[in-house]
Amino acid sequence: MAELLSGATALHSDFLALAFLEAQTAAQREEVPVGAVLMAADGTLLAASGNRIVELRDPTAHAEILVIRAAAAKLGTERLVGSSLYVTLEPCAMCAGAISMARIAKVVFAAKDPKGGAVLHGPKFFEQPTCHHRPQIVHAEGEWESKSAQVLREFFRARRSTLRLDEEASLGSSTDI
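Going by my numbering, the sequence shown opens with residue 157, and the numbers climb by one from there.
Okay, here's the thing in C-alpha coordinates:
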(Lines of atoms letter the chains of each structure in order from A; the text may use other names.)
(Lines give C-alpha, C1' and ligand atoms only; values in the text may rest on other atoms or scores of the structure.)
Protein backbone atom coordinates (compact mmCIF):
# COMPACT_ATOMS: atom_id res chain seq x y z
CA MET A 157 0.00 0.00 0.00
CA ALA A 158 2.70 2.53 0.96
CA GLU A 159 5.21 3.79 -1.53
CA LEU A 160 8.49 3.31 0.31
CA LEU A 161 11.39 5.64 -0.38
CA SER A 162 15.00 4.96 0.57
CA GLY A 163 15.37 8.58 1.58
CA ALA A 164 13.10 11.47 0.77
CA THR A 165 13.19 13.31 -2.52
CA ALA A 166 14.56 16.87 -2.34
CA LEU A 167 11.02 18.29 -2.31
CA HIS A 168 9.84 15.87 0.38
CA SER A 169 12.99 16.61 2.36
CA ASP A 170 12.38 20.38 2.37
CA PHE A 171 8.82 19.94 3.64
CA LEU A 172 9.81 17.27 6.18
CA ALA A 173 12.46 19.69 7.47
CA LEU A 174 9.68 22.21 8.20
CA ALA A 175 7.64 19.52 9.95
CA PHE A 176 10.70 18.51 11.97
CA LEU A 177 11.16 22.12 13.16
CA GLU A 178 7.54 22.07 14.34
CA ALA A 179 8.23 18.81 16.20
CA GLN A 180 11.26 20.32 17.93
CA THR A 181 9.20 23.36 18.92
CA ALA A 182 6.51 21.05 20.32
CA ALA A 183 9.16 19.27 22.41
CA GLN A 184 10.28 22.62 23.83
CA ARG A 185 6.66 23.15 24.96
CA GLU A 186 6.82 19.69 26.61
CA GLU A 187 4.44 18.27 24.01
CA VAL A 188 5.05 14.95 22.29
CA PRO A 189 7.36 16.05 19.45
CA VAL A 190 5.27 15.57 16.34
CA GLY A 191 5.18 18.21 13.64
CA ALA A 192 3.19 18.58 10.44
CA VAL A 193 2.96 20.89 7.46
CA LEU A 194 0.24 21.00 4.83
CA MET A 195 1.20 22.11 1.34
CA ALA A 196 -1.10 23.18 -1.49
CA ALA A 197 -0.77 21.44 -4.85
CA ASP A 198 1.32 24.38 -6.11
CA GLY A 199 3.79 24.01 -3.21
CA THR A 200 2.42 26.90 -1.16
CA LEU A 201 2.54 26.40 2.60
CA LEU A 202 -1.03 26.24 3.90
CA ALA A 203 -0.31 25.51 7.56
CA ALA A 204 2.35 24.26 9.96
CA SER A 205 2.03 23.10 13.55
CA GLY A 206 3.30 20.78 16.22
CA ASN A 207 1.26 18.92 18.81
CA ARG A 208 -0.57 21.23 21.26
CA ILE A 209 -2.51 18.67 23.28
CA VAL A 210 -1.24 19.76 26.70
CA GLU A 211 -1.17 23.48 25.91
CA LEU A 212 -4.76 23.55 24.62
CA ARG A 213 -6.02 20.85 27.00
CA ASP A 214 -7.44 19.19 23.89
CA PRO A 215 -6.80 15.50 23.18
CA THR A 216 -7.54 16.12 19.49
CA ALA A 217 -4.85 18.82 19.10
CA HIS A 218 -2.49 16.57 17.16
CA ALA A 219 -0.24 18.33 14.66
CA GLU A 220 -2.13 16.83 11.71
CA ILE A 221 -5.54 17.94 13.01
CA LEU A 222 -4.26 21.46 13.70
CA VAL A 223 -2.88 21.93 10.18
CA ILE A 224 -6.05 20.53 8.62
CA ARG A 225 -8.18 22.95 10.68
CA ALA A 226 -5.94 25.92 9.86
CA ALA A 227 -5.82 25.16 6.13
CA ALA A 228 -9.58 24.60 5.91
CA ALA A 229 -10.18 27.94 7.64
CA LYS A 230 -7.62 29.69 5.42
CA LEU A 231 -9.11 28.29 2.21
CA GLY A 232 -12.73 28.49 3.35
CA THR A 233 -13.43 24.84 2.53
CA GLU A 234 -13.36 21.51 4.30
CA ARG A 235 -11.99 19.80 1.17
CA LEU A 236 -8.23 20.15 0.83
CA VAL A 237 -8.09 18.48 -2.58
CA GLY A 238 -4.62 18.27 -4.10
CA SER A 239 -2.84 19.09 -0.85
CA SER A 240 0.03 17.11 0.67
CA LEU A 241 0.58 16.49 4.37
CA TYR A 242 4.13 16.06 5.68
CA VAL A 243 4.33 14.70 9.21
CA THR A 244 7.16 13.43 11.40
CA LEU A 245 5.24 10.40 12.73
CA GLU A 246 2.87 7.89 11.16
CA PRO A 247 -0.67 9.28 11.69
CA CYS A 248 -2.97 7.71 14.28
CA ALA A 249 -6.51 6.52 13.50
CA MET A 250 -8.08 9.87 14.43
CA CYS A 251 -5.72 11.79 12.16
CA ALA A 252 -6.09 9.25 9.35
CA GLY A 253 -9.86 9.75 9.51
CA ALA A 254 -9.46 13.52 9.29
CA ILE A 255 -6.99 13.15 6.39
CA SER A 256 -9.54 11.05 4.51
CA MET A 257 -12.44 13.41 5.26
CA ALA A 258 -10.38 16.41 4.13
CA ARG A 259 -9.54 14.61 0.86
CA ILE A 260 -5.80 15.22 1.25
CA ALA A 261 -4.04 13.83 -1.83
CA LYS A 262 -0.74 12.69 -0.32
CA VAL A 263 0.63 11.86 3.13
CA VAL A 264 4.39 11.74 3.61
CA PHE A 265 5.48 10.56 7.05
CA ALA A 266 8.90 9.98 8.58
CA ALA A 267 8.92 7.69 11.64
CA LYS A 268 6.78 4.57 11.84
CA ASP A 269 4.55 4.17 14.89
CA PRO A 270 3.97 0.46 15.62
CA LYS A 271 2.01 1.27 18.82
CA GLY A 272 -0.29 4.10 17.72
CA GLY A 273 0.07 4.40 13.97
CA ALA A 274 -2.89 3.63 11.74
CA VAL A 275 -1.38 3.76 8.25
CA LEU A 276 1.10 0.87 8.15
CA HIS A 277 0.18 -0.43 11.61
CA GLY A 278 -2.87 -1.12 13.76
CA PRO A 279 -6.13 -0.62 11.87
CA LYS A 280 -4.41 0.34 8.58
CA PHE A 281 -7.14 2.92 8.16
CA PHE A 282 -6.75 3.59 4.44
CA GLU A 283 -7.08 -0.12 3.63
CA GLN A 284 -10.52 -0.39 5.24
CA PRO A 285 -13.52 -0.80 2.91
CA THR A 286 -15.34 1.97 4.78
CA CYS A 287 -12.59 4.48 3.93
CA HIS A 288 -13.95 6.61 1.09
CA HIS A 289 -10.78 8.54 0.24
CA ARG A 290 -7.33 6.99 0.12
CA PRO A 291 -4.41 9.38 -0.22
CA GLN A 292 -1.10 8.40 -1.73
CA ILE A 293 1.09 7.26 1.17
CA VAL A 294 4.83 7.83 1.22
CA HIS A 295 7.02 6.54 4.04
CA ALA A 296 10.18 8.66 3.87
CA GLU A 297 12.76 6.17 5.05
CA GLY A 298 16.28 7.24 5.85
CA GLU A 299 17.43 10.55 7.32
CA TRP A 300 14.03 11.97 8.31
CA GLU A 301 12.80 8.68 9.72
CA SER A 302 15.95 8.45 11.87
CA LYS A 303 15.81 12.07 13.04
CA SER A 304 12.11 11.93 13.89
CA ALA A 305 12.43 8.63 15.74
CA GLN A 306 15.44 9.96 17.67
CA VAL A 307 13.68 13.12 18.88
CA LEU A 308 10.74 10.98 20.05
CA ARG A 309 13.05 8.53 21.87
CA GLU A 310 14.88 11.40 23.59
CA PHE A 311 11.61 13.05 24.60
CA PHE A 312 10.18 9.90 26.17
CA ARG A 313 13.49 8.97 27.82
CA ALA A 314 13.57 12.41 29.48
CA ARG A 315 9.90 12.13 30.46
CA ARG A 316 10.45 8.70 32.08
CA SER A 317 13.48 10.04 33.94
CA THR A 318 11.50 13.03 35.24
CA LEU A 319 8.62 10.80 36.32
CA ARG A 320 11.03 8.51 38.17
CA LEU A 321 12.60 11.46 39.99
CA ASP A 322 9.15 12.80 40.90
CA GLU A 323 8.11 9.40 42.26
CA GLU A 324 11.30 9.08 44.30
CA ALA A 325 10.86 12.58 45.71
CA SER A 326 7.27 11.90 46.74
CA LEU A 327 8.23 8.57 48.33
CA GLY A 328 11.08 10.21 50.21
CA SER A 329 8.83 12.92 51.61
CA SER A 330 5.98 10.66 52.69
CA THR A 331 5.61 9.83 56.35
CA ASP A 332 4.53 6.48 57.69
CA ILE A 333 1.91 6.55 60.41
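Ideal placement from N, C-alpha and C gives every residue a C-beta, glycine not left out.
Please read these numbers as outputs of a predicted model, since none were measured by experiment.
- Can you give, in chain order, each stretch of the alpha helix (DSSP H) that sits fully within the segment 193-217 and has at least 4 residues? 209-212
- Item | Same chain only: Cβ atoms within 6 Å of Gly273, ignoring 5 sequence neighbours per side | Within the sequence shown, residue 273 is the residue found at index 117, counting from 1. Closer than 6 Å at Cβ, skipping near neighbours: Glu246.
- Message: If I measure Cβ to Cβ from Val131 and keep anything under 6 Å in the same chain, skipping five residues before and after, which residues do I get?
- Response: Lying outside 157 to 333, the shown extent of the chain, residue 131 is not represented and no answer is given.
- Query: Does the distance from the CB of Arg259 to the CB of Arg290 come in under 8 Å?
  - Reply: Indexing the sequence shown from 1 puts residue 259 at position 103. Indexing the sequence shown from 1 puts residue 290 at position 134. No. Outside cutoff.
- Look at the alpha carbon of Leu194 and the alpha carbon of Arg316, and state the distance between them as a whole number of angstroms. Numbered from 1 along the sequence shown, position 38 holds the residue referred to as residue 194. Numbered from 1 along the sequence shown, position 160 holds the residue referred to as residue 316. Cα to Cα, Leu194 sits roughly 32 Å from Arg316.
- Message: Going by DSSP in three states, Gly232 sits in which element: helix, strand or coil?
- Response: As a working note, residue 232 is residue 76 in the sequence shown. Of the three classes helix, strand and coil, the one that applies to Gly232 here is coil, per DSSP.
- Task: Look at the Cβ atom of Glu178, then the Cβ atom of Ala204, and state whether they are nearer than 8 Å.
- Result: Numbered from 1 along the sequence shown, position 22 holds the residue referred to as residue 178. Numbered from 1 along the sequence shown, position 48 holds the residue referred to as residue 204. Going by C-beta atoms, Glu178 is nearer than 8 Å to Ala204.
- Task: Look at the alpha carbon of Glu299 and the alpha carbon of Ala166, and state the distance between them as a whole number of angstroms.
- Result: As a first step, residue 299 must be located in the sequence shown, where it is residue number 143. As a first step, residue 166 must be located in the sequence shown, where it is residue number 10. For Glu299 and Ala166, the distance between alpha carbons rounds to 12 Å.
- Message: Considering just the uninterrupted stretch of the alpha helix (DSSP H) at Gln292, what are its terminal residues?
- Response: Within the sequence shown, numbered from 1, the residue matching residue 292 stands at position 136. Here Gln292 belongs to no alpha helix (DSSP H); instead the beta strand (DSSP E) covers 292-296.
- Take the Cβ of Ser304 as the centre, count every other Cβ of all protein chains shown within 10 Å, and call the residue buried at 16 or more, exposed below. Here the question's residue 304 lines up with position 148 in the sequence shown. Counting Cβ neighbours within 10 Å, Ser304 comes out buried, since at least 16 surround it.
- Residues near Gln292 by beta carbon distance below 8 Å, same chain, minus five either side: Numbered from 1 along the sequence shown, position 136 holds the residue referred to as residue 292. Correct list, in chain order: Glu159, Ala261, Lys262, Val263.
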